[in-house]
Structures are given as structure tokens and as C-alpha cells.
Amino acid sequence: MFKKNAAIFLGVILLISSEAFSQATPLSKARPIPGKENWQAAIPLPGQEKAAAEKLAALQKKTGKKPNIVWFLIDDMGHGDPGFNGGGATIGAATPNMDRLAANGLKLTSTYSQPTCTPTRSAILTGRIPARTGLTRPILTGDKLTKNPWEDEISLPAVLSSAGYKSVLTGKWHIGELEGMRPFDVGFDEYYGYYGAEKEISQEFDKRRYPDLVLDSFKLDAYHKSGASKDLVYGKKGGKEQLIKATTSVEDMAEADQVLKDFSIKKIREFAKSGEPFFLEHSFMKVHTDVWASKKFEGKSASKYPYKDGVVEVDAIIGEIVSELEKNGLLENTFIFITSDNGPQMDAWPDAGFTPFRGTKGSAWEGGTRVPGVVYWKGMIKPRESAELFDLMDLYNTTAAIAGAIDKVPTDRPIDGINQVGFLLADNGQSARDRIHTWVERDLVAIRIHEFKMYFMITESDNPHLMIDQSTITKSGLAPWLFNLYIDPKESRVVGHALNAWTASISAEAKYHAASFVKFPPKNVGL
Ligand code: CA
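For this note's numbering, add 57 to where a residue sits in the sequence shown, where the first one is 1.
Written out as C-alpha cells, the structure is:
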């Protein structure tokens, strides 16, 4: 399957520019240089790497401790939802906490995720494109995997553990709930959360929206037999899973993010006492459809829609957790990253998020994969904004580097993330990445280099709000579709090979990228 697809897109490229291949050098301010054979090529920027290393060393000298790492991973929040990206109060859901962190940190306006939940969540914890790990699409109720995808992966918490870190995942997991695939089986020291996505859990209680499931005992019984977990559970590395609280109503789900917040705050207090360096991935259930805000946030957005109340709640929780870090004297020694795992799920409209770009969750379009990105580190990051490229997979290497564990990142397999410590920490640092590869399941669908994005396959829908439930994905015609994102950020009109000489350069990159999959074949776990 993969080989056939690879052959198709390579065939397309060869038709366009067979001569250009031999001379094509992807244009760059500085050309990315492959490091070890199987690493994603990075632009060498030794000056800023040295500056970042000096900053980290000075901080460690001052605190006597390794830095902590906190990721806030929001589910399905659109690029345009937070105020710092032009949304917020303007679209009926103010986000003062995130806006304050963005204004005092580094706002990354070109942050890229995978098109859906499981692929992004696995990619950031392995540094690898989902086709390499086999986690190519969301694991849904009833899916039976043929192989444990984690068996031969080296997760970020495992890397950090070897550097003395304790790792905690609070909240949504969505990367396998069978034994051997749970967070506390794959490297996290502790897990407290719900394995699945909000709707996967709440649908069996919501008789207004899913009467054909909730009120039909035959269907409900079949649903239960699928074995999907819906409860709040806890697990410790090497231990057994414990039930914390059964989920029995939509009201339970409405309070889920408050319960998760309490756990993260408890862990922060414990770590402050023990002095151990920690990695906390706080993974929200919100604002994945279907959204019910916590009782105390109902109607708290100007919009009054549940999704918007959910945005206000998520923002308040981020504020509370950051404030807890400050109260415990940890803020100056904690790297904080805020993002979303994919674009907004517009299939849920009108109770849905917002992106100014074309497409939605599930598609390779900018709307599906360009997400909010904020780095905050009090005293360590000069407040600024950058439109240079950051792939969420870069969090793998970057986090390992901040923890002093970059030498523990495996070198026996392709790692697609890049160490971006210099970009994030050096004053006016530049991205070591000038290209993004966007995959949808088992296909390389698009490549962005600088402001140009080229599509080998196209996701379309008669209804632009139904990019998941009513879309098709087809191979482009003779020429891949090429857009200039500076003059056409909504990707409305191709510049194509007729107007642009970059076609050959991006095509050459596709060939280089595909070659790693020939040498290291993609993994199939039955998704
Ligand atoms: Ca998601």
C-alpha cells in the first residue's frame, strides 16, 4: 500500500521535473544539513545554540536544579481561537491567561501538528512521523490493533527518565488503552486521566444528541462490548491500573477538566517539596466535541455556546496551573509550552472552534494542521513573536535537550523532530527548520518549504464544515497544487509551476523524504 502510494507521488514529481532533480537544491537561507544519516535535516545555527546552552547553564548554576517541563495540550482548539492569535474576546471567548503568557513569551505563529489526535499525540512523544510508528489515525471504539505500536518505540518520558526526571501525564491519552500501551507502560511514572476522546466517552450518556444509541439497548450493549474505557483511571509505572471514578453522565464529563487540574496541582506541590525535576504533560479533554463546560463556567463566555465556555475554562485552568508553579517557586525554572493537537473540528459546527485558514481537523490544509503555539519561560525567553516554522514533533528533541538528555535520543531510527533549543531560548533565535512534511494516515500529502506549500493529494468536501464526515482525498493532477502562503494564506488559488520555480525544489525534498521510508519501512499496527 505504502510503496504504491510512494510510487504514485514520486511518479508525479518525475513527470513535472525530471531534469531538475539532479541539480535541485532546496532553497534556504542556510541549507539544512542532515546530521546523522537518519535525522531530519536541520539548519546549522551554532551561534544561537551556544547562546541557549549558556542560558541553560547559568540557570542551573543559579537554581542548582535541572529545569522542569510543562506542556499544555489542548484538544482540537483552532489556530484562531485564542486572543493572542486574533480570536479571544473578538469571537466571544476571552483568553486573558493564554494571552498574557503569549505576550510575555514567544508566540509561534507557524506551529504545525498532525491532522488528528492520535498521530499528533504519538508524534510528540516519539519525535517520529506517525507512518513510522504505525499510529496513523485516531484509535476508535472497537479498533483492534495487530501489534503494540509502543513495543519498539522510545518515548520521551523514557528518555527523560534516564536523565533523572519524573514524568506525569494528566488527562487524555488516546494512544492505546490495552496493557503495554498505557502511559504508565510506555515511560510515564504516573498517569491520571481518561484514555479516550470526550465524545467517545460522553456519547453513551447523551440521549439528546445520540438517542439512537442511548435509548436502544441492543446498540448500547454492542457498544459496551467493544470494551472502550470511559472512566477516570490512575496508573503508576510498573503497576496496575486503578479505577478512580466511573463516568456515568455528561455532568461527569463536564467536570473532567477540573478534576484533572486538581491532580496536576497536587503533583506540582509534591514535586516542589521533593525537588525532583519533572515533566508534566497536562492534556485537556476540552475542547474536543461534544463540549460541556464545568458548572462554574457555564455561560461564562460572551458567546454562551458550550465550546466557547470550554475555551474560557481551559484558559482559566492554564492560569491556575501556572499560578501554582509561581506560588511554589518553580516558575523561573519551568519551560512551558501551550498548543493544540490539531485544527478545529468543524464537523461539530456551530459548537466548534475557529481557524482563519482553509480546511479543518482531519485535513492537511493549513486549517487542519496549523495550531496555536506559545513558549513561556519567565526570565529565559525574550518576549517576541516568530513566523518561522515549528513542528510539534520538535518538542521531543527540544524537551530532551532542555533536560540535558539529548544524547539519550535514539540514533538507530529516523527521528523527524529537530532540536529547537536555540530557536526558542536564544534572543532572536531562528528556527532550525524551514520545511514541514504533512502526512494523512499513510500518505505524504503536502510539504511546506518557507512560504510555499505543495500538495500531492487534495482533501475536498462539498461542505467545508464536514472535512471529516463528508470528504474525499484524491491525488492531484499532473502538477501538485502549489500555494504561496504569504500572498494567499487561505490557500484559495494555486501559483502552480506556471508562476513559480519552486516546484522542482519541493519535489526534490519529497524524494529525499521518501528515501528514508525505503530504508526504514513504515510500521503497520492494524490501524
Ligand atoms: Ca484532537
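Cβ atoms here follow ideal geometry from the backbone N, Cα and C, with glycine treated the same way.
Contact between Leu-182 and Ser-218 does not hold, since the beta-carbon distance rounds to 13 Å and is not under 8 Å. Three or more Cβ pairs drawn from the region 402-418 and the region 510-522 lie within less than 8 Å of each other, which places the two stretches in contact. Cβ-Cβ distances below 7 Å link Lys-164 to Phe-141, Val-431 and Glu-442 in the same chain, with the five nearest sequence neighbours on each side left out; the list follows chain order. In this structure, the beta-carbon distance from His-231 to Thr-175 falls below 8 Å.
Val-552 places its beta carbon 8 Å or farther from that of Thr-168.
If you draw a 10 Å sphere on the C-beta of Pro-195, you find 16 or more other C-beta atoms in it, and that means buried. Contact check for Lys-204 against Gly-583 passes: the beta carbons are separated by less than 8 Å.
Looking only at Ser-533, Leu-539, Ile-515 and Ser-528, the smallest Cα-Cα distance to His-507 is reached by Leu-539. These are the residues, in chain order, with a beta carbon less than 6 Å from any non-hydrogen atom of ligand 1: Asp-132, Asp-133, Cys-174, His-345, Asp-398 and Asn-399. In chain order, Ala-108 and Lys-439 place their CB closer than 8 Å to the CB of Asp-484, counting only its own chain and leaving out the 5 sequence neighbours on each side. Residue range 274-282 is occupied by the alpha helix (DSSP H) that includes His-281, with no beta strand (DSSP E) assigned at that position. In the three-state reduction of the DSSP assignment, Tyr-249 falls in the strand class, which pools E and B.
DSSP places Leu-226 outside any alpha helix (DSSP H); the residue lies instead in the beta strand (DSSP E), whose first and last residues are 223-228. Looking at the DSSP output, Asp-500 shares a beta bridge with Val-497. Take Phe-320, set aside five residues on each side of it, and the residues of its chain with a beta-carbon closer than 6 Å to its own are Thr-227 and Tyr-249, in chain order. In this structure, the alpha-carbon of Leu-452 lies about 16 Å from that of Gln-487. Scanning Val-379, Thr-468 and Asn-557 for the CA closest to the CA of Leu-158 turns up Val-379. Secondary-structure assignment with DSSP links Gln-299 through a beta bridge to Tyr-291. The beta carbon of Ile-375 sits closer than 8 Å to the beta carbons of Phe-129, Asn-154, Met-155, Leu-158 and Ile-395 from its chain, once the five residues preceding and following it are set aside; these are given in chain order. Just so you know, the alpha carbons of Asp-448 and Leu-113 end up roughly 22 Å apart.
Out of Val-371, Asn-385 and Thr-304, the CA that lies nearest to the CA of Arg-326 is found in Asn-385.
Ser-358 is positioned such that its CB atom lies no closer than 8 Å to that of Thr-516. Fewer than three beta-carbon pairs drawn from the region 465-474 and the region 541-548 are found closer than 8 Å, and the two stretches are therefore not classed as touching. As summarised for the region 349-423, the continuous beta strand (DSSP E) elements at least 3 residues long and confined to that stretch are 391-397, given in chain order. Looking only at Ala-460, Ile-186, Asp-278 and Gln-260, the smallest Cα-Cα distance to Thr-346 is reached by Gln-260. Collapsing the DSSP output to three states places Asp-263 in coil. Setting aside the 5 residues that flank it on each side, Lys-343 is surrounded in the same chain by Asp-314, Gly-367 and Val-371, each with a C-beta closer than 6 Å to its C-beta; the list follows chain order.
Here Glu-308 is exposed, its C-beta having fewer than 16 other C-beta atoms within 10 Å. If you draw a straight line from the Cα of Thr-391 to the Cα of Ser-224, it is about 14 Å long. For Asp-132 against Lys-229, the beta-carbon gap comes to about 6 Å, under 8 Å, which counts as contact. Using a 10 angstroms sphere on the CB of Ile-148, the tally of other CB atoms reaches 16 or more, which defines it as buried.
When secondary structure is reduced to three states using DSSP, Lys-568 falls in the helix class.
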